[in-house]
Every structure is written in C-alpha cells, then in structure tokens.
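A quick write-up on the structure given underneath.
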Amino acid sequence: MAATYVFSYYLIPKYLILKKYAWFALYSCYTLIITSYLSIQSILYALVFLQDFQNEGITPITKTLPFILLGILMIILFAIVLQVIIYLYQTSNEKEQLKQQFLTTELELKKQQLDTLKMQIHPHFLFNSLNTIYGFTLSKKEEAPEMVLKLSNLLDYILYQTQKEKVSLEEELNHIQDYIALEQMRFQDTLLVEFSQQIESPHRQISPMLFLPFVENSFKHGKIINGFLQVEIKIEETKHQLHFYIENTCQANETQQSGIGIKNIQKRLQLLYPQKHELKILQQEQKFIVDLKLSF
Numbered sequence: 239m240a241a242t243y244v245f246s247y248y249l250i251p252k253y254l255i256l257k258k259y260a261w262f263a264l265y266s267c268y269t270l271i272i273t274s275y276l277s278i279q280s281i282l283y284a285l286v287f288l289q290d291f292q293n294e295g296i297t298p299i300t301k302t303l304p305f306i307l308l309g310i311l312m313i314i315l316f317a318i319v320l321q322v323i324i325y326l327y328q329t330s331n332e333k334e335q336l337k338q339q340f341l342t343t344e345l346e347l348k349k350q351q352l353d354t355l356k357m358q359i360h361p362h363f364l365f366n367s368l369n370t371i372y373g374f375t376l377s378k379k380e381e382a383p384e385m386v387l388k389l390s391n392l393l394d395y396i397l398y399q400t401q402k403e404k405v406s407l408e409e410e411l412n413h414i415q416d417y418i419a420l421e422q423m424r425f426q427d428t429l430l431v432e433f434s435q436q437i438e439s440p441h442r443q444i445s446p447m448l449f450l451p452f453v454e455n456s457f458k459h460g461k462i463i464n465g466f467l468q469v470e471i472k473i474e475e476t477k478h479q480l481h482f483y484i485e486n487t488c489q490a491n492e493t494q495q496s497g498i499g500i501k502n503i504q505k506r507l508q509l510l511y512p513q514k515h516e517l518k519i520l521q522q523e524q525k526f527i528v529d530l531k532l533s534f
C-alpha cells in the first residue's frame, strides 16, 4: 500500500506525467528495492511469530518468497496502470471541455463581429436613402410618398428580418428591387438598369444583406456617362452555387471608392462563408464590376 501511494501520488504526477522519464525510472528502482526489502522483513517476522519460534514443519521460504514479491509487484504495477488510465481520461475530458469552450467563444466572437458589421451597414444605407427622399421633398415631387413607402419596406427588412441568421433568397431579391425602384425615382431618365435573375430555389436560405450594399455602391459611386448611369445586375442560382454579378459605369481615370458597405461585406463573407466564396472587384475603363460566387 505504501509503495502504491508513493507511485500514485508522487512519482507518477511529478515525474512520469511531466515526461521526466530518467528521474521516474531512478526513483522507481529505489522504491521497488525498498519495497522488496521491507516485504522480505515482514514475511520473515510474520513466519517467526506465526510458528511461535518453532522451526519444525515450516515450508522453506526460498520456495514462496519470489511468488510473494511477484504478487506485490503486480499489485503495484496494476495501481500504476490504473492511475495512468485515470489521468489520461481526465486529461482527455479537460481537453474536450477546453475545445468546446474555445469553439463557443469563437462563435460568440463571430456573432459579435457580425452584429457590429450589420450596425455599421444599416445607418450608412439609411443615411443615403434619406438624402434621396429629402431632395424629393424639397422639390415637392409627387414620387416622394411612394419613395417613403419603399423605404419603409426596406427599413422593416433591415431592422427586423436581418436580425435572423438566414433569410430566403426571394426576400433578399425583393428588397433589392425596392431599392432599385427608389433609385429610379431619384435618377429619373438618366438611369438605365438591367436586372436579370435565374433562380431555381427562391426559398434557399442565405445570410441577409449580402447583395444590397453592392447594389447601393453602384448607384452611389457610379457616374453618368453619355447622359446615363448604367447598372447591370445578374443573379443566377443553381443547386450548388449562387452567382451575383453587378457592373456600373464610372469614369475611366477615376478610382471608384468601395465605401464602408463593401468593406463590411468582405469581412462578413470571410466570417459567414469561409473557403466557400469567391469575390472579385474589378475596374475597367468605364466599368466597375463586382463578381461574387457562393458555394453550397
């Protein structure tokens, strides 16, 4: 018992677990030698007292001592193995708990980052839309009430629907169309928009507000060339991929600024679709192009 306690509570945790194998082997030898010596002494004294100092009829100790020592050593070995198994089990559980805590913390951090990015997108989008409506109200144009209605639909989507982790592709596209309608009222005859879509599964779930900042950016930073601001939007959805493409006219020698909206979308894509998205932002002579592909 003494040897078992020495191994279990001193040698194993202090040397074996810490991978100090040389010291563990050395102190194990010392312990086993002392254990063997004390065991022999105990056996000798036990036999003497049991026989009342009568040596007649006593079985020669040389025949049984090795087996007794072997039994003691086997018990010690069993205790060592059991202690190591218990330690490995506890260590495995602790590692699993730490892994779960790390994953939970990482998910919470990503959620906080996404919430922060959304909060940056919403005021930016609202500010641009209100500026448009403000210009219409100053001019007292008849389109102002309809613009307010379109904006209210967009605000409902932004404030409530985007709090969800996923929305349907159909909802996202409907609100893109509402935004385009707002811009058509603002630009009047100077805007040419081509919006085409090929959707196989309109109820497919995607993260909200993925495409609208790109659309907003094309109107905000696009330039009127030859009397028109031209915007082309294509959305194609298949079983395994969603392809979003948008281009707008811009000045040939002017770098179009992407703004906070697109920068945030790039960060959100890295968080929401790691290794599952391909985003290309190109500027040609008189065109600014955004090409986004999502894999499912």
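If you're matching positions, the sequence shown starts at 239 in my numbering and goes up one per residue.
All residues carry an ideal CB built from backbone N, CA and C; glycine is no exception.
Here DSSP, grouped into helix, strand and coil, assigns residue 384 to helix. The beta-bridge partner set that DSSP reports for residue 523 is empty.
Taking every protein chain shown into account, the CB of residue 522 has fewer than 16 other CB atoms within 10 angstroms, so this residue is exposed. In the DSSP assignment, residue 486 forms a beta bridge with 469 and 526. The continuous stretches of beta strand (DSSP E) do not include residue 255, and DSSP gives it neither H nor E.
In this model, residue 439 and residue 472 are separated by some 16 Å (Cα to Cα).
Contact holds between the stretch 416-425 and the stretch 453-464, because three or more Cβ pairs, one in each stretch, are under 8 Å apart. Selection 476, 371 and 378 evaluated against residue 389 yields 371 as nearest (Cα-Cα). In this chain, residue 456 is not harboured by any beta strand (DSSP E); it is covered by the alpha helix (DSSP H) spanning 450-459. Taking 8 Å as the cut-off, the Cβ atoms of residue 463 and residue 487 count as close.
DSSP links residue 431 through a beta bridge to 469.
Residue state for residue 439 is assigned as coil, using DSSP reduced to three classes. Take residue 273, set aside five residues on each side of it, and the residues of its chain with a beta-carbon closer than 6 Å to its own are 241, in chain order. Assigned with DSSP and collapsed to three states, residue 531 falls in strand. In the structure shown, residue 479 falls within a strand segment according to DSSP collapsed to helix, strand and coil. In this structure, the beta-carbon distance from residue 449 to residue 410 falls below 8 Å. In the three-state reduction of the DSSP assignment, residue 403 falls in the coil class.
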